[in-house]
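To keep things clear, I will list the structure first and then write my remarks on it.
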Amino acid sequence: MSPSRYRSFLLRRYRSFAGYLGVLLCIIGLITLCPAGLVLLYPAEMGIGHRFLWPGLLLASTGWLLWKCFRPSPDTVLSIAEGSIIVVFAWCSAILAGAVPFRLSGMDWTRALFEATSGWTTTGLSVVDIEKASPLILFHRSLMQLAGGAGLAVLMLSSMAGPPGVGLSAAEGREEQLVPHVRHSARMVLTLYGLYAFLGTAALKIAGMEWFDAVNHAFSAISTGGFSTHTESIAFWDSPGIEAVLIVLMMLGSINFLTAYTLSRGYGQPVMRNGEIRTATVVLGVSMLVLFFGVTGLAYHDTSRGIRTAVFQAVAALSTTGFAIVDFPAWNALGWLVIITLMLIGGGAGSTAGGIKQHRLYLLFRLLRRQVMVALLPRYSVSEESVWVGKHRLFLGEHDLWRPTAYIGLYLLGWLAGGCALAALGLPLADSLFEFASALGTVGLSTGLTSAASPEGQLWIQIAGMILGRLEFFVLFWGLAKFLRDLPALVGL
Amino acid sequence: MSGSGFLGNIVIVGCGRLGSSLANRLSQAGSRVVIIDRSRSSFSLLEPGFSGFRVTGDAAERNVLVEASIQEADCLIAATEKDTLNLMVAQVARHVFSVPKVLARVYDPKRETVFLDAGIEIVSPTRLMVDTFLAAVRARQESA
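Line order of the protein sequences matches chains A and B.
Taking the working numbering, the leading residue of the first sequence gets 1, the next gets one more, and so forth.
Taking the working numbering, the leading residue of the second sequence gets 1001, the next gets one more, and so forth.
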C-alpha cells in the first residue's frame, strides 16, 4: 500500500475510534455529573454542586461532539489493539474528569488525580479527609468505583452497539461472554451488576447502616473498590451482621460474572469444577486458618473476634476490596505476608477484582502438574488439559498454559520494581511492598503509609501501579504501542 | 447491516463457506449464534465481528449438540458438506430436541423427499442452480 493510501486508511480508522471514544466520554461525563443531583437531598451542599457539573458537562459535550463528527459506520469491527487505544484514552479522560471535583475542593493536582485513579481503578487507597468531606464528594468516590469496577462505560457501549463491542470488551478484560452475542451478554452483565448493587444496599440497610452509608458501601463492595464513608472503614460499626453482608458482596464482586450466571441458571456441577472456584476455596481456607492460628488468634484474646477478623480480612484482601476492620501495623510479619500474598493473587477473571487473577494461578498449577505427569506417561501418548469455563469444558493448547505464566512473571516483576521504587524514596521495605501490592492489585489495604501527608513521588508511583494493575499491563502496552506506531503516519511524516 | 435480524438462538452445524457466512451475517444482525465444527481451524473463517460461541466436536454426537445449548435453540441449520450427516443432525434436532425450525442443505435432489418426509425444510444448491440455468437459457430463447 502506498504511504498516502495507508495514511487515508489510518485516518478513516482513527475517525471511527474517535466516534466510539465520543460515546464512552459521553457516558463517563454523565457519571461524573451524577453526584450534582444529590444536592436535591442535601440542599446545604448547593454551593459545591457545580464542582461536578463542569467536568461532567465538558466531558459529555466533548463526547457528543466527537460522536456527531465521526459517527462510525455500524459494521466497523475493532481488533483488540484498536479497542485498547479507545479504552486507554477513555480511562485517562475518566481519571482527569474524576479528579476535577477534588481539585475544586481544595486538593492539589497530585492528590486529586491519586484519589480519582484510586476510585476508577477500584483500589480504595485514599488521601481525602473523609470526616470533613461533603456527602457529594463521598458519593462521587463510590460512584467512580461502581462505574470503574465493571468498566461501565464500555459495557454500556457494548450493550448498545454490536460488532465493535467484541474488540472493546476484550480490551476491557471481558472476553468471556455469558450468551452467544456480545450485546445480549453486556446487557446481562449490566443487569446482574445492578441487581447486586440494589440487593447489597437493601441488605446493608437491614444490617444496620444508614441509607447513605448503605448505598456507598454497597457500591464500593460490589465493585471490590473499598472506599468507605468513615476513616475507621468498617471498624466504625463493629457489627458482625454488616461484616457478613459485606463478605457476601465482596465475594460476588470477585466471582467471574460468567460463573455467577452459570450458577444462577442452576448448573451446579460445572461451577464446582471451575478452576477459579476451587482455587479461591483452597486459598481462602488456608489463609483464614493461617491468619487465625498465626495472627488474630494470638493478637485478640477474644476468639470470636479473632475468627471474625481473620475471615473478613482474608476475603477483603483476596477479593481486592480492601475494607479494613483492623490496624495492620499491629499485626505480626506472618499476617502481613498472608495479606500480601492474597492481594497479589486477587479475584476471578471477568469480575470486578484485580490482582494476578485466580484462573492464571490455577493454570500455573495445572502446567506444573502437567510437567510432572508428562514424564510418567508413555512416550507417544497424547493428552490435553481442559478447564471448565461457564458450563462448557474448554481444551487448552500448550500456548494457553504458558501465557498465564508469562503474565504472572511480569506481574511479580512489576510488583517488585514498584515496591523497590517506594523503598528507594526512603520508606520501610515491608511497608513499601505491602503498599505497592495493594496499589497494583487495586486492593486498597494500607499500613498507614498512604495518607494526605504522603510525598508526591510515592503517590505517582502508586498511580502508575493502579493503572497498570487495572488494565492488566498489556491493554496499556497494546494501546500505547499501536498509537505511537501509527502516530508518524497519521500526522503525515 | 442492522435491524431485521432473526432474534433468537440459532445453532449452525458446519463452519465451512456456507456455515461461516451465515454465522457472520446472523451474529452481526443480532442473533445469538452457536456454531459447531469438527475441527477448530475451520473457525478461522469467522470474522472478528462474530460474537457467538464456537463448539468443537462432531455434531452427530448428542453431547456436542447439548453443549451447543440445542435445547434453547429456536432454529438449527445443518450446513455441512455431507447430506447424510445433515439429515441425521436435522432429524435429531427435529425429533429428539423438538427444535421449532430446522433447515438443511441437500446437494443430491434424489434425497430431498427423505428430508421433507422428516419435517425438515431444505435448501438444495443443485436445484437452485438448475433453476437459475434454466431461467437463463429460457431468457435467451425468448429474446432470440
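Glycine residues also receive a C-beta, built at the ideal position from the N, C-alpha and C atoms.
- Contacts between Q1141/B and chain A, judged by CB atoms closer than 8 Å, are missing: the closest CB pair is about 42 Å apart.
- Residue R403/A holds the alpha-carbon nearest to the alpha-carbon of R360/A among R403/A, R393/A, W237/A.
- Taking a C-beta distance under 8 Å as the contact criterion, L284/A and V315/A qualify as a contact pair.
- Shortest Cα-Cα distance from F89/A to any of V100/A, I137/A, A171/A involves A171/A.
- Partner residues in a beta bridge of V166/A, as assigned by DSSP, do not exist.
- No Cβ of chain A is located within less than 8 Å of the beta carbon of G1008/B.
- Close to S1039/B, with beta-carbon spacing below 8 Å, lies no residue of chain A; the smallest spacing is near 13 Å.
- Residue-level contact by beta carbon fails for Q1071/B and chain A, as no gap is shorter than 8 Å.
- The three-state secondary structure of D1037/B, taken from DSSP, is strand.
- Within the segment 83-155 of chain A, the complete alpha helix (DSSP H) segments at least 4 residues long are 109-120, 135-149, listed from N- to C-terminus.
- When the beta-carbon positions are compared, I222/A and L258/A stay at least 8 Å from each other.
- Nearest CB-CB separation between V315/A and chain B: not below the 8 Å threshold.
- The alpha-carbon of R174/A is positioned some 44 Å away from that of M1129/B.
- Taking C-beta atoms under 8 Å as the contact rule, M250/A and S319/A qualify, at a distance of about 4 Å.
- Per DSSP, L394/A is one residue of the beta strand (DSSP E) stretching across 392-396.
- Of S438/A, T405/A, E398/A, the smallest CA-CA separation from L416/A is found for S438/A.
- Per the C-alpha coordinates, the member of L429/A, I27/A, A133/A positioned closest to S93/A is I27/A.
- Between S169/A and L25/A, the alpha-carbon positions lie close to 16 Å from each other.
- Under the Cβ distance rule, P1109/B does not count among the residues neighbouring chain A, no pair being separated by less than 8 Å.
- The Cβ neighbour count for I206/A, taken over all protein chains shown within 10 Å, is under 16; the residue is labelled exposed.
- Within the same chain, T117, S118, T121, T123, A439, T442 come within 7 Å of M466/A by CB-CB distance, once the 5 residues on both sides are set aside.
- Rounded to whole angstroms, I242/A and T262/A show a C-alpha spacing of 27 Å.
- Shown here, T191/A sits in a helix according to DSSP, grouped into three states.
- Sixteen is the threshold: when 16 or more other Cβ atoms of the shown chains lie within 10 Å of the Cβ of Y20/A, as they do, the residue is buried.
- No Cβ of chain B is located within less than 8 Å of the beta carbon of S351/A.
- In the three-state scheme derived from DSSP, where H, G and I count as helix and E and B as strand, L1103/B is classed as strand.
- Going by DSSP, R174/A is part of no beta strand (DSSP E) at all; its letter is neither H nor E.
- Neighbourhood of G167/A in chain B, by CB distance below 8 Å: P1048, in chain order.
- DSSP places W388/A in the strand class (E or B) of the three-state scheme.
- The contact set of S220/A on chain B, defined by CB atoms closer than 9 Å, is empty, because the minimum CB distance reaches about 31 Å.
- Secondary structure of C1015/B (DSSP, three-state): coil.
- With a threshold of 8 Å between beta carbons, R1025/B makes no contact with chain A.
- Using a Cβ-Cβ cut-off of 7 Å, R183/A is close to G1030 of chain B, given in chain order.
- The Cβ of D400/A sits no closer than 8 Å to any Cβ of chain B.
- Within the same chain, P1109 come within 7 Å of R1127/B by CB-CB distance, once the 5 residues on both sides are set aside.
- By the CB criterion at 8 Å, I408/A and L364/A fall inside the cutoff.
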